[in-house]
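Worksheet for the structure shown next.
Chains as they are written, first to last, in this note's numbering: chain A, 44 to 453; chain B, 44 to 453.
As structure tokens, then:
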């Protein structure tokens with residue numbers, strides 16, 4: 044008997060029929076003797092509907108009140124799923140984030156989980172109950188409702204798995220695992236049996252939308268066994284893609300695991316920045332204070348005491364970031380700012396990179412051969428990311444996928 | 044400076060535009076120096092949408108889980124109204140029933156309020172905040188979400204007014220007061236400046252849908268000054284209809300205040316019931332245990348040791364009641380059951396009835412002249428109710444309204 048946390052995303056619970064299917068899937072796992080905690084997202088489209096409604100009332104919705112109303116999306120789903128489970132004879136109880144005391148900080152719309160009280164869930168599980176919990180939401184120390192930001196239901200799933208010391212956290216989604224790249228762009232893309240946490244982290248942060256970044260970090264930190272599966276696969280394939288901690292745990296020995304891409308970013312370059320200590324903090328401090336996450340940061344060697352400083356942010360934060368920077372630019376006496384949101388970030392990811400030379404040059408040559416200009420470059424131990432013109436996204440992904448032989452089983 | 048509780052119903056908050064109008068109305072009261080607690084319903088249609096969704100998943104939705112999802116309707120509205128208030132410069136905070144500790148029993152979908160902790164609201168009010176509270180919902184002692192049943196937002200409003208010792212509880216709705224009868228059926232119907240609590244109670248329980256019965260009882264019990272107003276009236280008429288405790292407090296001296304009617308009921312007659320002590324309890328005990336409210340009860344003098352026992356219930360509870368009675372009928376060895384839900388209840392209401400004879404005979408004669416058959420009769424000190432065939436509803440209301448000269452100002 045294992046304790047399993049399952050998380051079902053918005054498309055998996057997108058209609059009454061699909062919710063009933065999810066209930067049947069849960070019943071199959073329950074019948075095998077497992078204890079189950081199930082985290083659900085809002086029905087697909089619901090969160091966007093609520094945000095649009097809020098914007099009709101207030102163009103820039105108050106974050107506290109936005110969380111109050113947006114969190115209802117998941118609350119509807121937990122009620123429906125608990126009904127579906129009871130309807131087929133299982134014991135089930137639904138809980139909001141506040142009810143199972145998923146305590147977060149007070150950063151409305153982007154809150155972080157501080158602690159979870161697992162006692163109530165544990166008692167229900169021992170009582171034979173399936174526990175259904177609303178993803179994406181929590182409650183701050185004052186009792187106000189918070190949300191974890193987009194994709195936060197994955198984080199809820201992993202955080203509950205960590206708090207309950209679950210044997211496995213299964214993320215059910217509309218894809219049946221992690222692929223070498225998006226199969227809609229490259230039909231030859233292959234599903235990976237395993238992927239390391241580090242690679243997954245890079246893939247997730249790069250827009251490979253299978254899992255939310257923070258949930259992967261969380262899983263790594265608390266050593267939660269994480270598996271990505273499809274909620275639509277009827278073939279009883281319960282394998283999907285396992286995310287591993289150790290490179291040698293059933294590891295496919297590919298050098299490169301996949302090509303990720305993201306069209307969710309905008310780039311900002313501050314021109315003629317005085318090249319002195321502390322200047323990066325003077326620029327990015329206020330951006331961080333405005334609760335904007337910065338992704339790539341590039342600063343080249345300066346000359347004449349001046350340098351250019353570039354970084355990327357999520358497109359949703361683009362206007363806010365520009366506004367935040369206005370006084371900063373005056374204060375540090377920079378020459379000006381250039382920016383744009385018609386960009387894409389494409390990345391080559393693989394732990395094999397550590398021990399293999401020449402990956403970067405293969406990537407750059409491949410893009411050059413197609414006449415694709417590289418605007419920014421950023422590298423880590425297991426990843427090479429480039430920012431290019433948005434219109435070349437698909438082309439870049441396709442040629443890189445081919446260049447690294449990702450269409451061939453290793 | 045007064046402390047005022049305002050309650051806005053579903054049509055009053057039925058769209059972003061209407062919510063903004065409600066915010067402006069609140070701002071006008073706030074500008075006059077009043078402290079305001081505002082209770083809101085779900086946007087019109089939302090509760091029905093959620094119930095329909097639940098039924099797609101489970102034909103008879105689990106009551107606990109139904110409350111979890113149906114309560115989201117009000118939660119969306121409080122967020123939106125708080126945004127609208129902040130957008131025009133007021134301080135505002137929204138709270139769910141659980142957040143302001145509206146503690147109820149655990150009778151899901153029909154819960155009763157046990158207590159309210161007003162401290163948090165009081166602190167916000169003293170801080171200059173408009174406090175926005177979700178109507179219709181509470182939380183039981185185990186922390187589970189409950190709802191108060193249809194129209195429960197009125198009860199929330201009155202209960203908050205009682206807990207806060209508010210100067211007045213204003214119920215904003217889509218009508219501008221209490222009328223002698225439904226103006227859609229009788230165009231000559233007049234608005235009453237005042238009505239007594241007892242009359243209002245009868246009118247409410249009889250389907251005059253201005254206020255929910257329980258809220259009027261609550262207001263009477265805690266001596267809450269209650270006023271019914273229109274949220275659509277732009278003429279700055281803040282008078283509406285005041286519900287009075289004392290018959291002489293600005294009382295219009297009409298004998299009859301109004302004609303109420305209800306098409307929400309079903310009648311059940313148990314035939315050949317052994318006429319012995321305790322038999323009524325043997326029949327209605329199980330019905331009450333099934334959480335069904337019984338309205339009219341009629342038992343006539345029996346003969347040959349047998350009698351017929353009739354009562355009415357809400358149409359929503361009709362099938363449940365019949366099912367509940369199956370074993371009861373066998374057990375008490377009754378002869379059988381006849382029932383129907385194509386009925387209407389029409390009532391003549393007025394405190395003047397106490398001191399005026401002949402009201403009943405006028406009512407019965409008026410109906411007889413139109414050939415309307417009376418199936419059941421029930422009377423109280425200030426009301427005469429008859430059950431008739433549903434198809435005669437409008438006709439009965441019109442002729443009774445005329446017979447008691449209700450179209451003429453007193």
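Beta carbons: idealized from backbone N, C-alpha and C, even for Gly.
Put simply, of B:55, B:48, B:71 and B:57 the residue whose alpha carbon is nearest the alpha carbon of residue 81 of chain B is B:48. Pairing residue 310 of chain A with residue 418 of chain A gives a Cβ-Cβ distance under 9 angstroms. A Cβ of chain A is located within less than 9 angstroms of the beta carbon of residue 123 of chain B. With contacts defined by Cβ atoms closer than 9 angstroms, residue 101 of chain B and residue 339 of chain A do not form a contacting pair. DSSP places residue 220 of chain A in no alpha helix (DSSP H); its state is neither H nor E. The C-alpha of residue 117 of chain A lies about 13 angstroms from the C-alpha of residue 55 of chain A. Taking a C-beta distance under 9 angstroms as the contact criterion, residue 317 of chain B and residue 375 of chain B qualify as a contact pair. With its beta carbon at least 9 angstroms from every one in chain A, residue 70 of chain B lies outside the interface.
Between the beta-carbon of residue 386 of chain A and that of residue 308 of chain A there is about 6 angstroms, and that keeps the pair under the 8 angstroms contact cut. Residue 139 of chain B is positioned such that its CB atom lies closer than 9 angstroms to that of residue 114 of chain B. Taking 4 residues as the minimum length, the alpha helix (DSSP H) runs contained wholly in the region 392-436 of chain B are 402-412, in order along the chain. Every unbroken stretch of the beta strand (DSSP E) spanning 3 or more residues and falling wholly within the region 58-115 of chain A is given here in chain order: 78-83. In the three-state reduction of the DSSP assignment, residue 365 of chain A falls in the helix class. In summary, the residues of the region 46-78 of chain B whose CB is separated from some CB of chain A by less than 9 angstroms are 58, 59, 60, 62, 63 and 66, in the order they occur in the chain. In this structure, residue 449 of chain A and residue 233 of chain A form a Cβ contact; the two beta carbons are roughly 7 angstroms apart against a cut-off of 8 angstroms.
In the structure shown, residue 201 of chain B falls within a helical segment according to DSSP collapsed to helix, strand and coil.
Between the alpha carbons of residue 390 of chain B and residue 177 of chain B lies a distance of about 33 angstroms.
Within the region 224-272 of chain A, the complete beta strand (DSSP E) runs of at least 3 residues fall at 237-239.
Secondary structure at residue 326 of chain B: helix, using DSSP grouped into helix, strand and coil. About 6 angstroms separates the Cβ atoms of residue 62 of chain A and residue 124 of chain A, confirming a contact at the 8 angstroms cut-off. Under DSSP, residue 146 of chain B shares a beta bridge with B:158 and B:182. With contacts defined as CB atoms closer than 9 angstroms, residue 393 of chain A and residue 286 of chain A fail to qualify as a contacting pair. Minimum Cα-Cα distance from residue 214 of chain B among the listed residues B:283, B:377 and B:322 corresponds to B:283. At least one beta carbon of chain B lies nearer than 9 angstroms to the beta carbon of residue 112 of chain A. Per DSSP, reduced to three states, the secondary structure at residue 170 of chain A is coil, with no helix or strand assignment.
In this structure, DSSP gives residue 118 of chain A a helical state, which the three-state scheme calls helix. With three or more CB-CB distances shorter than 8 angstroms, the region 151-166 of chain B counts as touching the region 198-206 of chain B. Taking C-beta separations shorter than 8 angstroms and ignoring five residues to either side along the sequence, the partners of residue 106 of chain B in its chain run 151 and 152, following chain order. Chain-order list of chain A residues neighbouring residue 146 of chain B: empty, with the shortest C-beta distance near 15 angstroms, by a criterion of under 7 angstroms. Shown here, residue 333 of chain B sits in coil according to DSSP, grouped into three states, outside any helix or strand. By the Cβ-count criterion, residue 162 of chain A is exposed, with fewer than 16 other Cβ atoms from all chains shown falling within 10 Å of its own Cβ. In the structure shown, the three-state DSSP call for residue 360 of chain B is helix. A residue is called buried once 16 or more other Cβ atoms fall within 10 Å of its Cβ, and residue 131 of chain A, having fewer, is exposed. Its Cα nearest to that of residue 181 of chain A, the residue A:192 stands out among A:171, A:129, A:192 and A:165.
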